[in-house]
Structure formats: C-alpha cells, structure tokens
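Protein sequence lines, in the order shown, are assigned to chains A and B.
Here numbering that gives the first Met the number 0 is used: the first residue of the first sequence is 0, the next is one more, and so on.
Here numbering that gives the first Met the number 0 is used: the first residue of the second sequence is 0, the next is one more, and so on.
Glycine included, each C-beta is placed from N, C-alpha and C at the ideal position.
Report on one structure; see the data block that follows.
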Amino acid sequence: MHKEFLMGNAAIARGAMAAGLNVISGYPGTPSTEVLETVAKNNDGSLYVEWSVNEKAALEVGAGAAYSGARCMVTMKQVGLNVASDPLMSLAYIGVKGGMVILVADDPGPISSQTEQDTRTFASYSKLPCFDPSSVQEAYDMIQTAFEYSEKYHTPVLFRPTTRVCHGYASIEVKDENECAKNKPEGFVRDPMKWVIFPRLSFKAHGDIEKRNSELSTVFSESGLNPTFSGSGRRGIATHGINFTYTKEALKALDVEVPLFKVGTPFPFPEEAAKAFLESVDEVLCIEELDPVIERGLIYVCGKYGLKTRIFGKQTGNIPTAGENTCTSVKRAVASFLGIFLPTEEKAEDVPPLPVRPPVLCAGCPHRASFFAVKQAMKGIKSVFCGDIGCYTLGNAMPLDMVDTCLCMGAGVNITQGIGRIDPDTKCFAFVGDSTFFASAITGVVNAVYNQADMTLVILDNSTTAMTGHQPHPGTGRTMMGQVVEKVNIEQVLRGVGVTTVETVDPLKLDEAVAVVKRVAEEKGVKAIIFKSPCAVLIKPEKPAVIDNDKCINCQKCKNLLGCPGLVLRDGKIAIEESLCTGCGLCAQVCPVNAIGGGKNAE
Amino acid sequence: MQNNILICGVGGQGIVLTSKLIAATAMAKDIPVMSAETIGMAQKGGSVFSFLRLGDDLYCPMFPEKTADLIIAFEPAEAVRMLPYLKEGGKVIVNTHPIVPVTVSLKGTAYNGTEMLEYLAKNVADLKTIDGEAACKLVGSPRALNMIMLGQSVRTGVLPFGIDDVEETMKKTVKPQFVEMNSIALRLDI
C-alpha cells in the first residue's frame, strides 16, 4: 500500500484496475468522464479501453466481454443509463460470467444534467445490486468489493457515486502493483441455453433473481457495507454517500454523537441491519439526496416488523425534496432534528449586487458564428430552432437566443419534425453537435427521411466532444487509445440515408454561411448544413483582433449581436479582451464601419 | 491541526493548479488532504471554487460556512460571493483586477470591482489586496497570477509549510521552461 492524492473518479478507475479489470467502455458525461480517462492514462496496453458511440453500445460491448469471462466496467452519467436501459434490463436476466460493474454517476443539484434521477431507484427497478460510496477512499475500496459480488453472483452490479464523490480529491491508500489482482478471461463459451434470452429462460431467471436479492439483503446486512455507529440518545440518523460525511462534520461541529446508520448498498436494501438499527432508536432522520430511498426502505422495514420508530426525511419536510445538500444545510437539519438551538443566520448587510456569471460559449467558439448565421438568414421568417445536448445548448443565452427546445441526447431532430406536423408554415431547424449526431441523432434523420419531413438539420461539427472535455468520437479519426482510424464521414452518412442536399460551410465565413442557410432553408424536404470549424479551445489562436479607434463609432453592435466574452467595455468604449480573443474574425464581419482588424484577417 | 482554505475566481484563472500545488505540498509533508472543486460546464467563464482541507480527522472535502481560515480570491466579486465561508478572524487575499462577465457588459451596467473591494475592506479585518495585473507585469508574464497568489498565501503563515516547500512541488509539476518564471512569481514580495 502507498498514498496517493486522487480524484474520486481516478480512485474508482484505479480500484477497478486493482480488481483485475480487462475491458472498459463508456460514453462521456459529467460527472463520470474521468473514470475511463484515468484507466486509459494508466493502461500498460493490457486493457481494452473504448469510448463507445453511446451508452447502449458501451453496455453491450461490456456484456460481450463479461460473457467471455473478462472483468469489465461500463461508465456513464445517470441520464446515460436511460440510453443503456434496454440492454441493461435484459442483461439483468441473462447475467454475466466475468465481473461487470456499471458505473453510473448521479448529479444532485443538478449541476450539469437534465434530470435529478436516482440510480438507486433504477437499481431496484432493474433488480440489480447497487453500491453507493461516500468518500474517495471508500470508492477505491468499494469498487473492488463490487467486482467480487458481481462475479460471485454472476450479475452486473451498479456503482453510483454522486458528483461530490466523483470530483472530490483525497490522499488515500492504494495498492502497490504486486497487490493488484490479475484476471485472464477464458473466452466465450457457446451455451445457447444461457446466453440467448427467451420467455422461458426469463421466467426462470426472474424467480432466481428475486431469490438471490432476498439472500443478498441478508448478506449485505452482515457485510460491513452498511455499518451502524453507536451514539447516545434515542434519536438516530440514517444516511448515505457524501451525505454521510456532511453528517459526520455536522455532528462534530455540534459536539454530539448519535446512533448512525450508513447505507452502502441501497439495493437490495439491508433489511436486517436496518431493523437492528431501528430497534435502537425512537426517531430517525434520513439525510439523502435525490430520491428518499433509505427513508422508504426504513418505513417499509417498520411496517414489515411492526416497529414504532418514526421516520423523518424528505417526506416530512426535514430535508429538501430537490437539489443538493451541503455541509451547512445538513448541519441545520441535524440541529433542528436534535433540538439543538442554532442562531438564525443574520443576513450580511449591504452586500453589493454580485455580477452573475452564467456559462457562455467561449470567445472564438464556432457555434456562435453558426447560430448567428442562421439567425441572420432567417430574420423575419417564422422559424423554430430545436437544440440538443452539448456546448451549443449555451446558444440559448442572450444575445444569440437561438435554442427553442432542448430535451435529451438526439431529441431535437425528432422534436422539430413534430413541430412541423402541427405548424407547417414554420421553418423547422434542428441543431446537433457531431458527437451527439453519432450518439443518437442518426435514427432521427432516418425517421425524417422516411416520413417525408420538412426540416433543416444543422450539424455543428467542431470535430470533438467539447462539453465533457474533448473526447474523440467516430468522426475524429482517432480512438481513446490514440489509434488512427478511418473517420466516419457525416456528409456520407447523411447522403447514405437519403438526404440529397448536404452543404458544408465554414461558419466563420459569415456571408457565405448566411447565403447557404438561406438557400437550403428554401428547399423542401429533409436537407442538411454542416458547419465545420474546429473547437476554439483545441486550435492555436490567431493574433487577437484590433480595434481601430479612429474608425470605431462605439455603436457596440459587435458585442450586442454576438455576446462574445472577448468583447468588453473599458471606460465606456468597446475593447478587445486580449487574454480571451482567438482572432476568429467574426466581430470584424459584423462591424458596420470596418473598425475591427487583426486576427485571421491580419497579414 | 486543521486548515480550511477556499480558493475562488473565474474559470480559466489557474485555480485548479493552485489547489493542486497546495495539496501536493501538504502530501509531501505527510499531512492528509481533501479537496473539491468546480468541474464541467461552470468552467466556461463561470464562478469557480476549490475547497481545500489539510489536517487530521477530515470527513468531507467541503466545509460549512464560517469555517475557512483563508480565502484566496482571484477576483473581487468572487471574494464577496464566498465571504460567508470565512470564519471569524479569517484572512482574505484578493486580486483587485475585476473580470467583467459578458452578461454585465451586454447590459452596459458598470462593474469594475471597486464596490466589492470597498465592501471587503469594511468587512474583513485581515485583508490583503494584490494588484494582480501590476504584479504580473513585475514578473513579466500575464500567466503568473496563480503563482503570485500562492506565494502571498504562503506568506500569511496559515499554511503548514513555507515557500521552499511549495517551490519544490512546483518544480515537479510545471513544464521546465516555466519553472523560472513561476519561482520569481512565488517569491515576489509585494
């Protein structure tokens, strides 16, 4: 053993490697992304690592590897599990041979997600065992335990940290190389009675799963994964994940010790451990984020065994039903539950109004140019702009204001078709990024072609998965392990499924881009524009733009039309923020008096 | 012994590296460390922070309000935003150079940091202001801000190590061509 300072996600990756990992697949998504990246970085060449095209593909690749005896991990964020849920629900019945851990990172807040769904709830729905670590060290240790259970019970298991565990850092004990397990997969052994799902097999598997889960509930109760901590009094606290650490800090600050129950395996719920805890107290406060899983579990146990213990939590208003808990909020909830007086926070007086800093498209981002070109071209024409998931969702902000809908990965392509059916006079646009296109928009395009929709597909091709930190994808021509491969060509894909008009244009050439949009939008049927320009973060910036103060009339159109962070006001005059400007030249093209030079246009 | 340190600013100012260097220096001295920081969408020009905890008996990488021994603020408004975390008698180091968000410059409202600095002066007994821009010019690099702020933080005496220790860590972390510039920045006496 030795000490290392690791991010939670890195600890999960290293723990999985210590458990003899052979294969890892996944799709990027905050807060899960660094798990796969850490494995890739530490791969000596003996592991197979891939960014899959989406979570469904990742899970199926993982399943095949696990059928063949490999220990594998599949990584995604919580909404990614929705995409992977089709194979997941069936795989729960089929089971695995090699250990298979599905890492699903939840995002209370939500900080960077569409939903506040709880993977613990998904675990009970899919009937799969679920592990919930509370700290970086525990994540490292628990992922190894998860592999053991998976292999012993021949079932995939879910491992669900939340953002603060994923992105927290700590100095932790990790195994030396010679302490790590090695696994040599046997290879796929043909057995249609085992690997081919049929109603007959599913009926039997269902019964087996219920029996196993009932047994696991007992095993988990005795396993040390769901510990109780003694304390004084008849009021106790049940908690989980990062909330356990908030609770420990709160108790320390309030200088009290109360009975504590920490649920590390929310499914199957450790009933016997819960019962023993409930019998030791009269009242329990459940401190949880997302769904009240422990709260409901305890109420169930009380009902089942006729216990009189009263359960408090989200359903009684002690803990907020939505959003993230914090050290401060948990301390208040604990104090209030225990009847400890805390002075009400006096609001700091006369705090000056703080500037809000919503995330914005970067200076030089080609998406800004793409949105602006469409906006210019469609000025005065009734249009709808369906957005999608990626950096370009930020195109909703003023002054661009170019995202009318955003639902989930790949949805915009189909939503715009639905709008067009009801509103045939509206010009329907769907914006989708290159990585999202491959992940889940292609079927939407096929749907549009097949059903004769009237819409313009706008592909924002910046040749990377920018939002989650620049992962490669099928269009980039390189894999996660750096292998150079044939690029999947978006234009050819579109033509292949029957889109006859596909125009590719550089959005930073504004006049050309506007002309293309006007021309393509006029056509009937399904047609596409590919705005191709690399992510500004990935290319060497040009020299910053320069404002000719003799020409500038300070109309501020550049700033007010584009909202680029590289354009700022200094003493009431428009100026270039040189530390941010990439010299993309877009502002020079909207300046009515040609006062902006430098950048790309400089010779 | 326990230290709660909060580093805050705007995405892209080098806050993550500052946090990593403090953590690595503490690790080298066998002091347990925990930290938590903003990652993801908020980094794109948004407010970012890093909670950093050094010492024994730590459970959580974050800490509650009113418990920070030191706030290292790379931007005046961000210092004010995070001020509720400062404990009574805690120290604040603040870079006086404001970063104006796009939303503010769009509305044409004035934000220039002055109000924030006045508020800090009134409400923080132990406040050190750093003219980051001027200091960067002294060092000769606009990218030196994080090392200047780190050097000043070590000078407060709150951290359980000295400049030599941090410099040692820095040398192991940054690219060789940046070592000299960073050393000058760390040791800048202002």
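- Of the candidates A:VAL95, A:ASP254 and A:TYR152, A:VAL95 places its Cα closest to the Cα of TRP194 of chain A.
- C-alpha of ILE171 of chain A to C-alpha of THR172 of chain B: approximately 20 Å in a straight line.
- Of all residues in the region 136 to 164 of chain A, only ARG163 place a beta-carbon less than 7 Å from a beta-carbon of chain B.
- In this structure the region 458 to 478 of chain A does not touch the region 327 to 337 of chain A; the number of beta carbon pairs closer than 8 Å is below three.
- Any Cβ of chain A closer than 7 Å to the Cβ of PHE48 of chain B would place that residue at the interface, and such an atom is absent.
- Every unbroken stretch of the alpha helix (DSSP H) spanning 4 or more residues and falling wholly within the region 303 to 342 of chain A is given here in chain order: 326 to 337.
- Non-local beta-carbon contacts of GLN588 of chain A in its own chain, meaning distances under 6 Å to residues more than five positions away in sequence, involve LEU509 in chain order.
- In its chain, beyond the 5 residues on either side, TYR26, MET75, GLY79, VAL82 and ALA83 have a beta carbon closer than 6 Å to the beta carbon of GLU54 of chain A.
- Beta-bridge partners assigned by DSSP to VAL545 of chain A: A:GLY596.
- Here the C-alpha atom of GLY379 of chain A lies approximately 34 Å from the C-alpha atom of GLY495 of chain A.
- PRO198 of chain A and ILE208 of chain A have their alpha carbons spaced roughly 15 Å apart.
- Neighbours of LYS43 of chain B in chain A, taken as residues whose beta carbon is under 8 Å from its own, are PRO358, VAL359, LEU360, CYS361, CYS390 and LEU393 in chain order.
- In this structure, LEU116 of chain B keeps its C-beta atom at 7 Å or more from the C-beta atom of GLY131 of chain B.
- DSSP, read as helix, strand or coil, puts ALA180 of chain A in coil.
- In this structure, THR415 of chain A sits away from CYS407 of chain A, with a CB-CB distance that is not shorter than 7 Å.
- Between PRO267 of chain A and MET377 of chain A, the alpha-carbon positions lie close to 55 Å from each other.
- Looking only at A:ALA145, A:THR161 and A:LEU560, the smallest Cα-Cα distance to ALA35 of chain B is reached by A:THR161.
- DSSP places THR425 of chain A in the coil class of the three-state scheme, outside both helix and strand.
- Taking the CA atoms as reference points, GLY206 of chain A sits about 21 Å from MET99 of chain A.
- Per the coordinates, the alpha-carbon of GLU288 of chain A lies some 10 Å from the alpha-carbon of GLN116 of chain A.
- Comparing C-alpha distances from LEU119 of chain B to each of B:GLY45, B:VAL9, B:PRO175 and B:ALA76 shows the shortest one belongs to B:ALA76.
- Taking C-beta atoms under 8 Å as the contact rule, PRO506 of chain A and PHE530 of chain A qualify, at a distance of about 4 Å.
- PRO75 of chain B has a beta carbon lying at 7 Å or more from every beta carbon in chain A.
- Pairing GLY524 of chain A with GLN451 of chain A, the inter-Cα distance amounts to about 6 Å.
- VAL52 of chain A and ASP85 of chain A have their C-alpha atoms some 16 Å from each other.
- Flagged as an interface residue toward chain A: THR102 of chain B, by a C-beta distance shorter than 7 Å.
- Secondary structure note for ASN212 of chain A: it is in no beta strand (DSSP E), and the uninterrupted alpha helix (DSSP H) holding it is 198 to 220.
- For LYS126 of chain A, no CB of chain B lies under 7 Å from its own CB, so it is not counted at the interface with that chain.
- With a beta-carbon spacing of about 17 Å, ASN225 of chain A and VAL164 of chain A fall beyond the 8 Å limit used to define contacts.
- Taking 7 Å as the threshold, the shortest C-beta distance from ALA22 of chain B to chain A falls below it.
- Neighbourhood of ALA39 of chain A in chain B, by CB distance below 8 Å: empty, with the nearest CB roughly 18 Å away.
- Annotated three-state conformation of GLU172 of chain A is strand, per DSSP.
- Note: SER46 of chain B is bridge-paired with B:VAL9 in the DSSP secondary-structure output.
- VAL164 of chain A carries a helical assignment under DSSP once its states are collapsed to helix, strand and coil.
- MET146 of chain B counts as buried, since no fewer than 16 other beta carbons sit within 10 angstroms of its beta carbon.
- Between the region 12 to 20 of chain A and the region 174 to 187 of chain A, the count of C-beta pairs closer than 8 Å reaches three or more; the two stretches touch.
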